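*Asks:* What follows is a structure written as structure tokens; I'll ask about it next.
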Amino acid sequence: MVRRVALAVVVVAILIPSAVLAALRLATPSAALWVQLTSFVPWAVPLLVVGAVALAILWWPKRSDRTTIAVAAVLVGLLALHLTWLAPQWVGGAPRADPEAEAITVVVINARFGRADAVAVAERVRDEEAGILVVSEATPAFVEALTAAGISDRLPMFGGAAADGAGGTVVFSTDPVETIERVEMPFGTYVLRTQGQTMIAAHPRTPRDIDGWHTDHEALRVAAREHGVTLIAGDLNATVDHEPVRRLLDDGYRDAAELTNAGWAPTWPVDRDLPLPVVAIDHVLVTDEVAVVDHSTFEVGGTDHRGLVTTVAPAA
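Residue numbers (my numbering): 9 to 324.
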């Protein structure tokens, strides 16, 4: 009886959620709730590992019945499927940097309606000797605070525009910033040219507004194609398991975390009642013309997003 109850717990608490997440990843749903749940696809791997351990305890040293064997087969199949999606974050090849080219460090942060600690952001930029800073949800007050913190000493040029609420996106750089196009979406998203990169500083809407989310991501993809964008950076409000980001990957972009085998690195939320962030929605994506030398995340007070520090260089 105890074994049957334990087996039922494994099925209900582990196999069913993992199967649902796999179905969402494969089916590319369009409804808001299911799209938001797709953000949690990577969590199936630790769930399934726990399930495998539980089944091993149930299985050994007793002889198992057909039900246990069937559950084990389903679990192994689901684990293999989820690992094919998650493993590239740790293993795989990547373009090598041109040894004679100069590397550029890009810092990316969502300032959360301008509430992020501007002094800490400026200090991070200086510590990393960054050449580009991409700020989503950059309010006029936050830009003023960054200026007071000395951001222009390191990054005197800028493009994009600040705005109240979540609508502002500003890119600071050591080099002149040419704004090529403001992509049509409510939050600031710009195609810019700086540091030899044609880039998009991106901030689509969240999937809570599911129609707007799809529209924004399609506009982002079109702009990237039209302008030959080599680098996309910002709060994409989507993970690599969501269809819009996977379409960008199909177009030839790759995620900086994957290229450096940095592992799965969730970026949101970080100031809630959770010990760690749970979903990776902030990204630096590059084409194969760009090599990613290093990639990591960092925390800043005042915002619920982890920031990104990504060093890129022309590919060899």
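Cβ atoms here follow ideal geometry from the backbone N, Cα and C, with glycine treated the same way.
The structure displayed is predicted, hence computed values, not measured ones.
#1: Which two residues bound the contiguous alpha helix (DSSP H) that contains valine 133?
#2: Between the alpha carbons of tryptophan 276 and alanine 232, how many angstroms are there, rounded?
#3: Round the Cβ separation of valine 237 and threonine 206 to the nearest angstrom and send it over; I've been treating them as touching at under 8 Å.
#4: Since glutamine 44 is in the beta strand (DSSP E), which residue starts that stretch and which ends it?
#5: Within this structure, are the beta carbons of alanine 60 and valine 301 separated by less than 7 Å?
#6: Give the range of the alpha helix (DSSP H) segment to which histidine 90 is assigned.
#7: Go ahead and pull the three-state DSSP assignment for aspartate 312.
#8: Suppose contacts are defined by Cβ-Cβ distances below 7 Å. Is alanine 149 in contact with glycine 176 by that definition?
#9: Under 8 Å, with one C-beta from each stretch per pair, do the region 92-101 and the region 117-131 reach the 3-pair mark?
#10: Do the CB positions of threonine 319 and threonine 182 come within less than 7 Å of each other?
#11: My parser needs the alpha helix (DSSP H) runs of 4 or more residues fully inside the region 114-202; what are they?
#12: Do you know how far the Cα of threonine 75 is from the Cα of valine 133?
#13: For glutamine 205, which residues does DSSP report across the bridge?
#14: Who pairs with valine 282 in a beta bridge, going by DSSP?
#15: As a quick exercise: from Glu108, Leu55, Ile289 and Trp67, pick the residue whose alpha carbon is nearest that of alanine 88.
*Replies:* In short, the structure shows the following:
#1: Taking the first residue of the sequence shown as position 1, residue 133 is located at position 125. Residues 126-136.
#2: On the sequence shown, position 268 is the one that residue 276 refers to. On the sequence shown, position 224 is the one that residue 232 refers to. Each residue's Cα considered, the two are about 25 Å apart.
#3: As a first step, residue 237 is located in the sequence shown; it is residue number 229 there, counting from the start. As a first step, residue 206 is located in the sequence shown; it is residue number 198 there, counting from the start. 5 Å between Cβ atoms; contact.
#4: For the purposes of this step, residue 44 is identified with residue 36 of the sequence shown, where counting begins at 1. Careful: glutamine 44 lies outside any beta strand (DSSP E), inside the alpha helix (DSSP H) at 40-46.
#5: Within the sequence shown, numbered from 1, the residue matching residue 60 stands at position 52. Within the sequence shown, numbered from 1, the residue matching residue 301 stands at position 293. In this structure, valine 301 does not lie closer than 7 Å to alanine 60 by Cβ.
#6: Position 82 of the sequence shown, counted from the first residue, corresponds to residue 90. Start and end: 74-94.
#7: What you label residue 312 is simply residue 304 of the sequence shown in a count that begins at 1. Reduced to three states, the DSSP call for aspartate 312 is coil.
#8: Residue mapping note: residue 149 aligns to position 141 of the sequence shown, counting from 1. Residue mapping note: residue 176 aligns to position 168 of the sequence shown, counting from 1. It is not a contact, given that the beta carbons lie outside the stated cut-off.
#9: Too few Cβ pairs lie closer than 8 Å, so no.
#10: Along the sequence shown, one-based indexing puts residue 319 at 311. Along the sequence shown, one-based indexing puts residue 182 at 174. Their beta carbons are not under 7 Å apart, which means threonine 319 does not touch threonine 182 by this criterion.
#11: Segments of the alpha helix (DSSP H) lying fully in the region 114-202: 126-136, 148-156 and 159-162.
#12: Against the sequence shown, residue 133 aligns to sequence position 125. Against the sequence shown, residue 75 aligns to sequence position 67. It is roughly 57 Å from the alpha-carbon of valine 133 to the alpha-carbon of threonine 75.
#13: Taking the first residue of the sequence shown as 1, we reach residue 205 at position 197. The partner list for glutamine 205 (beta bridge, DSSP) reads Thr202.
#14: Translated into positions along the sequence shown, residue 282 becomes position 274. Per the sequence presented here, residue 282 reads as leucine, with valine not at that position. Residue pairing by DSSP leaves leucine 282 without any beta bridge partner.
#15: Translated into positions along the sequence shown, residue 88 becomes position 80. Among Glu108, Leu55, Ile289 and Trp67, the Cα nearest to that of alanine 88 is on Leu55.
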